[in-house]
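Residue numbers (the numbering used here): 403 to 555.
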């Protein structure tokens, strides 16, 4: 993994929305970051620099914002991309997992043929609250015989 390039102060490009989606939650809205061409490029370039040289076969993105960062990073690193979606959104045979969120529960699905044994999979999402979504994605990968490896941050 490479040294990170200089990154501008990206935090000021992220809007904070209090009490969304329910009272007591501080939501970090990245749409303002995505709209900023230099900020978005800096995020993808920094992620690319961090993982460049690592053996990553597939990038897995979690609906919905993992669909923004995941494909962009997959393109930058020259890997494939696998979507993890909400139930009944994928057209072929799927594996499913139910998990707890900070403010409820949800389910995710992956195509059964999306990840194969021995592949190194990088999970990309936009935030980490309780870790439930990332844990669910890991369980999905393991359930379809993929190999999961934590790269650290």
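Glycine included, every Cβ here is placed at the ideal spot set by N, Cα and C.
It should be emphasised that the depicted structure is a prediction, and the values quoted were computed from it without experimental measurement.
- Taken in chain order, the whole beta strand (DSSP E) runs of length 3 or more contained in the stretch 454 to 537 are 460 to 464, 482 to 486, 496 to 503, 506 to 513 and 522 to 526.
- DSSP, read as helix, strand or coil, puts residue 442 in helix.
- Cα atoms of residue 519 and residue 437: separation of roughly 37 Å, rounded to the nearest angstrom.
- Under DSSP, residue 418 forms a beta bridge with 430.
- Check the Cα spacing between residue 535 and each of 517, 546, 513 and 498: the tightest is with 498.
- The C-beta separation of residue 513 from residue 496 comes to about 6 Å, placing the pair in contact by the 8 Å criterion.
- The Cβ atoms of residue 482 and residue 460 lie closer than 7 Å to each other.
- Assigned with DSSP and collapsed to three states, residue 424 falls in coil, not helix or strand.
- Between the stretch 521 to 530 and the stretch 468 to 475, the count of C-beta pairs closer than 8 Å reaches three or more; the two stretches touch.
- Counting every other CB atom within 10 Å of its CB across the protein chains shown gives residue 485 a total of 16 or more, marking it as buried.
- Around the beta carbon of residue 494, a 10 Å sphere encloses fewer than 16 other beta carbons of the protein chains shown; the residue is thus reported as exposed.
- DSSP, read as helix, strand or coil, puts residue 447 in helix.
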